[in-house]
Amino acid sequence: MTFQTFDLDPLILDALRELGYENATPVQEKAIPVILEGKDLIALAETGSGKTAACAIPVCNKVDPNLKHIQALIVVPTRELALQYATETQKIGRFKEVKAFALFGGEDMDMQRAKLKGGVQVLVATPGRLIDFVFSRSIDLSKVETLVLDEADQMLGMGFYEDLEFIINCLIHDHQTLLFSATMPKQIKQIAKNHMKDPLELTLISNLPTPENLKHQLTFCSNPGQKREELLWLLKELNPVQCLIFANSRREVEALYRDLKSKLSAVDFLHGGLDQSLRSVITNKFHRGKIRFLVATDIAARGLDFSNVTHVVNYHFPFEKETYTHRSGRTGRSGRDGVCVTLVTRRELSKVGELFKMLKREPEWLKKPPSGH
Ligand code: AMP
């Protein structure tokens, strides 16, 4: 289905054309008309499905850029997601001159206040900083027409339930509420029941445990001391366009980074111990393809959309199966091919069977599999 089918402003259609979005993804096809109509919506959708644009397109279509106040409020769990959402919105609303802004902690509040004063129609915010702004009366939410809760299950998992309740209760006037989530825990149902008006529910999650275009491979390191060497061999062999390398601790991320930097170019690292502005710079550089190899902790495993990541390497076997899913999901996005390679030592061999059972795939070993596998 092309975007021409929807009743959209020609300026939005121009921006979509420029972004190279020709056809609506299934999430967009279903969600855009509902949102344009002003109905409340609960959408079970994952990152990679085009859910950001599914919301940003109708939101940009509706807002009036001549009015300076916030007309759409989008609440997201992390700073990185806030930036990603605001950037996507800004691109879609570019010709219509819609102003989107990402508000999150760790940045100067006066600068953020000044930015809001300058006129922002779409505000993308993390709960903590948003509440700080409400308390200090730095923000006017009285004219918000659309409230979006994105990655709602992740926000609840991070302990934001009360913050979300507080934010929702700040909007006492009539408005539209849209809730996007990958799962539907009880608390989300509760929020929907308490605060939404007859919401339409869309389930847009595929039943497959992993996309068909995503390959899962393993490489065996008989001696853990050889892991560094194995990783280097692997990175040269895979020849990725962009690669995310996951390690289980900040210390290990830095050590790996130092090692790789001396042997490869365009290497960087990301973990939660870095200053927020530096994290934003690195995420941004990775988005723009300035970094080819990004060594990271699981901070990079959820939600972020790095469309050109061709390979994910698990230098360390993830502790949880769910973590594996999130990490591997950073590649093979939007129908593109992707490969996730995991380095396995003897100690982890017992976990391989369980992991591949969850993936509903046969283990695929690069080089020689260990005996009995
Ligand atoms: P999301 O699920 O929002 O994280 O989006 C995943 C990726 O799909 C992003 O890189 C978007 O830029 C891209 N995308 C979203 N909608 C479309 C579309 N209709 N056609 C092509 N790419 C899209």
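Residue numbers 120 to 492, in this note's numbering, belong to the letters of the sequence shown in order. Virtual Cβ for every residue (Gly too), placed ideally from N, Cα, C. The structure presented is a predicted model; accordingly, all values stated were derived computationally and were not measured.
Taking 7 Å as the cut-off, is the beta-carbon of residue i closer than that to any non-hydrogen atom of the ligand AMP?
i	result
Ser-300	no
Asn-180	no
Asp-183	no
Asp-159	no
Ser-168	yes
Gln-209	no
Ser-426	yes
Return helix, strand or coil for residue i, following the three-state DSSP convention.
i	result
Leu-275	helix
Gln-203	helix
Ser-300	strand
Phe-475	helix
Asn-433	strand
Lys-404	helix
Gly-247	helix
Ile-286	helix
Thr-265	strand
Gln-295	strand
Lys-334	strand
Glu-439	coil
Buried or exposed: where does residue i fall if 16 or more other Cβ atoms within 10 Å of its Cβ makes it buried?
i	result
Ser-396	exposed
Ser-453	exposed
Pro-246	buried
Pro-304	exposed
Gly-457	buried
Glu-356	exposed
Ala-233	exposed
Asp-394	exposed
Val-91	Residue coverage of the chain in this structure runs from 120 to 492, which leaves residue 91 outside it and unanswerable.
Nearest to residue i by CA position, among the options, is which residue?
i	options	result
Thr-197	Ala-175, Leu-351, Met-274 and Thr-166	Met-274
Thr-166	Asp-378, Tyr-376, Ser-300 and Val-428	Ser-300
Val-239	Glu-226, Arg-256, Glu-216 and Gly-225	Glu-216
Leu-333	Met-120, Trp-352, Phe-412 and Val-428	Val-428
Lys-149	Glu-483, Gly-237, Phe-425 and Glu-320	Glu-320
Glu-439	Ile-176, Met-230, Asn-367 and Glu-141	Asn-367
Thr-416	Phe-405, Ile-154 and Thr-442	Thr-442
Arg-248	Glu-226, Leu-266, Leu-260 and Leu-268	Glu-226
Between residue i and residue j, which are expected to be in contact by the criterion C-beta below 8 Å, what is the C-beta distance as a whole number of angstroms?
i	j	result
Ala-419	Leu-389	5 Å
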